[in-house]
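Residue numbers (this note's numbering): 176 to 465. To start, the structure itself, in structure tokens.
See the structure below:
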């Protein structure tokens, strides 16, 4: 690492910085992944677009910006997710603040939002509950896309709620409120829609030792009963907070859909549908309570 830092101090142009950084990160990951990481960190640190670097490869950033970039690059070298380094993650074409207290939003979660928006009219006046909101991406996005609806976002973590509140403020979403609660404990009233991306990974899952999840909050990832405890708790209580024909939609593990559907049927949910993610895995299930 020391040799790399010394080389970065000597090279000044964007082209040289890119080449040296690509070589550095390629020691830990594929060249394709290293390339996308270097571009993301250069854009973040130098406040320029990739097209600018291609157009002006001989130009040089300031020494201060190079120092910022080197710190970001080393954080990535040791495995820290790009989203935590940058402090935000794009979701539904908006930048959401994320911290080590919140999960990093995944593209497959957008599939849940797409399905809801395809089901309800944009002008609908709905009451929507987002359980385990984290950085708020689901609730805030629904609030932005359904401006006449009222959104309630719940999370046990005050730190997560602080992040979500800031995201709502930054994105000018005002039809939303936040409650600190362990699932339904302090929730009142009935809702047209309940959505959630709950913890659903088993404690002994090998994926917890790999990649970005090693940096994410464990409490937002893992659940007892082979990852199903929180999902069962949500299904077992959601009917008390749903209006007639109210929709329950949530994300789950790639191999949990059969048990999830079985549980929904036990609680009299109809129209049960499971949506596959971009990898073809059953990832999101929804049903209507009646």
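Beta carbons are placed, not taken as given, at the ideal position from N, Cα and C, and that holds for glycine.
Beta-bridge pairing by DSSP links residue 336 to no other residue. Rounded to whole angstroms, the gap between the alpha carbons of residue 222 and residue 455 is 36 Å.
Contact check for residue 220 against residue 243 passes: the beta carbons are separated by less than 9 Å. In the assembly as shown, residue 308 is a buried residue. Its beta-carbon has 16 or more other beta-carbons within 10 Å. DSSP places residue 377 outside both helix and strand once states are collapsed to three, so it counts as coil. With distances taken between CA atoms, residue 285 lies nearest to 371 out of 205, 464 and 371. When the alpha-carbon of residue 322 is set against those of 298, 383, 337 and 288, the nearest one is in 298. Counting only runs of at least 4 residues, the region 239-325 fully encloses the following alpha helix (DSSP H) elements, listed from N- to C-terminal order: 257-261, 284-294 and 312-320. In this structure, the alpha-carbon of residue 377 lies about 8 Å from that of residue 403.
In terms of Cβ geometry, residue 416 and residue 438 do not form a close pair [threshold 9 Å]. Taking a C-beta distance under 9 Å as the contact criterion, residue 317 and residue 409 do not qualify as a contact pair. Inclusion of residue 303 and residue 335 in the CB contact set at 9 Å is not warranted, their separation being larger than that value. Residue pairing by DSSP places residue 198 in no beta bridge whatsoever.
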